[in-house]
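J.:
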C-alpha cells in the first residue's frame, strides 16, 4: 500500500521533471518523507518494459476475485492457499507481470490450468493490493 | 498419465510458449563460440552432493542439491513443500525459482550454452529444465549440471537416480532447447554469477528485499557494487540498508555517489536529502 503510493508519487515527480526545464525546482517541492526503495527504482527503470497497466491489471483481478470456484480448484491441486501465497510473494513484479500477460493471452481457451494460474495470480494480489 | 502430460503441455505453452517455436532441430554445439569463451576443455565441479530422486521428485531433488551446495542444510521433504505441486505430480519452474529465494538465495537465469559452461567453470552448478521426449508429448525433467567435457562432447549431470551422468552435448542441447533453455543458477547473496548481466543480478537482489530478506539483499547489493560501483539500484538498496542500520555516514557516501553518477535520479536526490536532514537533526 505504502509502496504503491510512494511509487505513484515518484512517478508524478518524474513526469514533473520531464515537463520542467529546471528539474531541481520540481524536485525541491516534492521531497518524500521516506526513503525510496531499490525496488521502486528498479520498477521505474522497467516502466517501458512492463506492458500492462498495473491498475488495470489489479481491477481485472479484483473482478475475477468474485468467482469463488477457482479457490477450490487450487486446493484440489494439493497446495494450500497459505503456501501459494508464500510462493507468489517470492516472485518479482516483472515475473508476475509476464505471467499475467501470458494468462490473458491464453485465457480464451477456458482451460482448467489457466484458471489455476489465474487464482494463483489473485492470491498474490490479495496480499499486495 | 495422459492427463498429466496434457497439463504439463498447457503449462509449457503458458509459461514458455515452447510449442509455438515448433520443431526444434538437433543443432551441433557451436564449437567456435565455445573456443572463444576460453574455458577449460573439460571441467567437473568437485564434491557436489548428489540427492537421489524419489518418484516425480526431480524438482525438489535438484533444488535441494543446489541449496546444499550453497551451505543451506535442508531436507528434500521440506524443499518439496515449497517446490512440488501434488495435483500436477511435478514442480513448476516458477516454484523452483521462488523456493530458492525463500531460503535467501539469489535465483539467476542461465539461458544459453555458453552461459551454462561459464557457470560450471566458475563452480556454480546449474539447474536445467529438460523435455526428454517430444515437443507435442513432453516429459519434463529437472537435472543439475555439474560438469562438461568438450573433448568427448559430453555434459555431466546429477539427474534422476544417477550422479555424474554423461550425456552427449548435442542430445542435451536438444532436450534443453525443447524446454526453452530454462536454466537457473542458485547463489548465496554474497556471490556473483559468472555469466549474468548487471541487471539480472540487481533483479535477483531486489526480490529478496521485497521478501523482507533485508540482510540477504544488502549482502547482494554490496557484492554487486564491488563489480559495478555505479549501479543505481544497488546504490539505493545498499544506502537504505546502511541507513536502517544506523550507518548514516555510509548511506550518505553511497547516495552522494549515486547523485553524482545518476544526476537524473529523483530517488537518489530524495534519499540523500532525507539522510542529510536526519543527520542534522541528530
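Residue numbers (our numbering), protein chains in the order written: chain A, 1 to 129; chain B, 1001 to 1282. Note that CB positions come from ideal geometry on N, CA and C, so glycine has one too.
When you compare the CB of residue 1207 (chain B) with every CB in chain A, is at least one pair closer than 8 Å?
T.: yes
J.: For residue 1112 (chain B) versus residue 1181 (chain B), is the C-beta distance shorter than 8 Å?
T.: yes
J.: For a quick check, are the C-beta atoms of residue 78 (chain A) and residue 1118 (chain B) less than 8 Å apart?
T.: No; because the gap between Cβ atoms is not below 8 Å, this pair is not in contact.
J.: Go ahead and label residue 1060 (chain B) buried or exposed: buried means 16 or more other beta carbons lie within 10 angstroms of its beta carbon, across all protein chains shown.
T.: buried
J.: Which residues in chain A have a C-beta closer than 8 Å to the C-beta of residue 1271 (chain B)? List them in chain order.
T.: 35 and 36
J.: Counting only Cβ-Cβ distances shorter than 8 Å, please list the residues of the region 1097-1113 of chain B near chain A, keeping chain order.
T.: Closer than 8 Å at the C-beta level to chain A, one finds these residues of the region 1097-1113 of chain B: 1097, 1098, 1099, 1101 and 1102.
J.: Is the region 1167-1181 of chain B touching the region 1064-1084 of chain B in the sense that three or more CB pairs, one from each, lie closer than 8 Å?
T.: Contact fails: fewer than three Cβ-Cβ distances are below 8 Å.
J.: Could you check the C-alpha separation between residue 1231 (chain B) and residue 1053 (chain B) for me, to the nearest Å?
T.: 41 Å
J.: So is residue 1051 (chain B) in contact with chain A if we call contact Cβ pairs under 8 Å?
T.: False, the Cβ-Cβ gap to chain A never drops below 8 Å.
J.: Please report whether the beta-carbon of residue 1359 (chain B) lies at a distance below 8 Å from any beta-carbon of chain A.
T.: In the structure as shown, chain B starts at 1001 and stops at 1282, and residue 1359 (chain B) therefore has no counterpart that could be examined.
J.: Can you tell which of B:1149, B:1267, B:1172 and B:1245 has its C-alpha closest to the C-alpha of residue 45 (chain A)?
T.: Nearest to residue 45 (chain A) by alpha-carbon distance, out of B:1149, B:1267, B:1172 and B:1245, is B:1267.
J.: State yes or no: is the beta carbon of residue 1267 (chain B) nearer than 8 Å to at least one beta carbon in chain A?
T.: yes
J.: Using three-state DSSP, classify residue 108 (chain A) as helix, strand or coil.
T.: For residue 108 (chain A), the predicted structure reports a pLDDT of 47, less than 50, and the residue's modelled location is therefore unreliable. The matter cannot be settled from this model.
J.: Which chain A residues sit within Cβ distance under 8 Å of residue 1203 (chain B)?
T.: 42, 92 and 94
J.: Rounded C-beta distance between residue 1158 (chain B) and residue 1057 (chain B)? I'm assuming under 8 Å.
T.: The pair is not a contact, with the Cβ atoms about 13 Å apart (cut-off 8 Å).
J.: Report yes or no: is there a C-beta of chain B within less than 8 Å of the C-beta of residue 55 (chain A)?
T.: At residue 55 (chain A), the pLDDT of 48 sits below 50, so the modelled position is not reliable; the number obtained from the coordinates is stated separately. By this cut-off, residue 55 (chain A) is not an interface position.
J.: Note down, in chain order, every chain A residue with its Cβ under 9 Å from the Cβ of residue 1243 (chain B).
T.: 35
J.: Give me whichever residues DSSP pairs with residue 1187 (chain B) in a beta bridge.
T.: B:1106
J.: Below 8 Å on the Cβ atoms is my guess for residue 1259 (chain B) versus residue 1276 (chain B); work out the distance and round it to an integer in Å.
T.: Contact doesn't hold; Cβ gap of about 11 Å is too wide.
J.: Would you call the region 1209-1227 of chain B and the region 1098-1115 of chain B in contact, with 3 or more CB pairs under 8 Å?
T.: yes
J.: Do residue 1120 (chain B) and residue 1145 (chain B) have their C-beta atoms closer together than 8 Å?
T.: yes
J.: Any chance you could list the alpha helix (DSSP H) runs of at least 4 consecutive residues sitting entirely within the region 1213-1241 of chain B, in chain order?
T.: 1214-1227
J.: Note down, in chain order, each residue of its chain lying with its Cβ closer than 7 Å to the Cβ of residue 1131 (chain B), except the 5 sequence neighbours on either side.
T.: 1138, 1139, 1140, 1175, 1178 and 1179
J.: For residue 1223 (chain B), count neighbouring Cβ atoms within 10 angstroms of its own Cβ and tell me buried if that reaches 16, exposed if not.
T.: buried
J.: Over the uninterrupted beta strand (DSSP E) stretch that includes residue 1130 (chain B), give me the two end residues.
T.: Annotation for residue 1130 (chain B): the continuous beta strand (DSSP E) segment containing it runs 1126-1131.
J.: Any idea what DSSP makes of residue 1172 (chain B), helix, strand or coil?
T.: helix
J.: Is the separation between the beta-carbon of residue 1239 (chain B) and that of residue 1225 (chain B) shorter than 8 Å?
T.: no
J.: How long is the line joining the alpha carbons of residue 1215 (chain B) and residue 39 (chain A), rounded to whole angstroms?
T.: 15 Å
J.: Grouping DSSP H, G and I as helix and E and B as strand, with all else coil, what is residue 1265 (chain B)?
T.: coil
J.: Please report whether the beta-carbon of residue 1283 (chain B) lies at a distance below 8 Å from any beta-carbon of chain A.
T.: Because chain B spans 1001 through 1282 in this model, residue 1283 (chain B) falls outside it and cannot be assessed.
J.: Which residue marks the beginning of the beta strand (DSSP E) containing residue 1151 (chain B), and which one marks its end?
T.: Following the DSSP letters along the chain, one finds residue 1151 (chain B) in no beta strand (DSSP E), marked with neither H nor E.
J.: Just the Cα atoms here: how many angstroms apart are residue 1076 (chain B) and residue 1048 (chain B)?
T.: 16 Å
J.: Could you check which residue in B:1171, B:1191 and B:1152 has the C-alpha nearest to that of residue 1133 (chain B)?
T.: B:1171
J.: Mind checking if residue 1210 (chain B) is an interface residue toward chain A, Cβ cutoff 8 Å exclusive?
T.: yes
J.: Indicate whether at least one CB of chain A lies closer than 8 Å to the CB of residue 1090 (chain B).
T.: no
J.: Which residue or residues does DSSP assign as beta-bridge partners of residue 1143 (chain B)?
T.: B:1128
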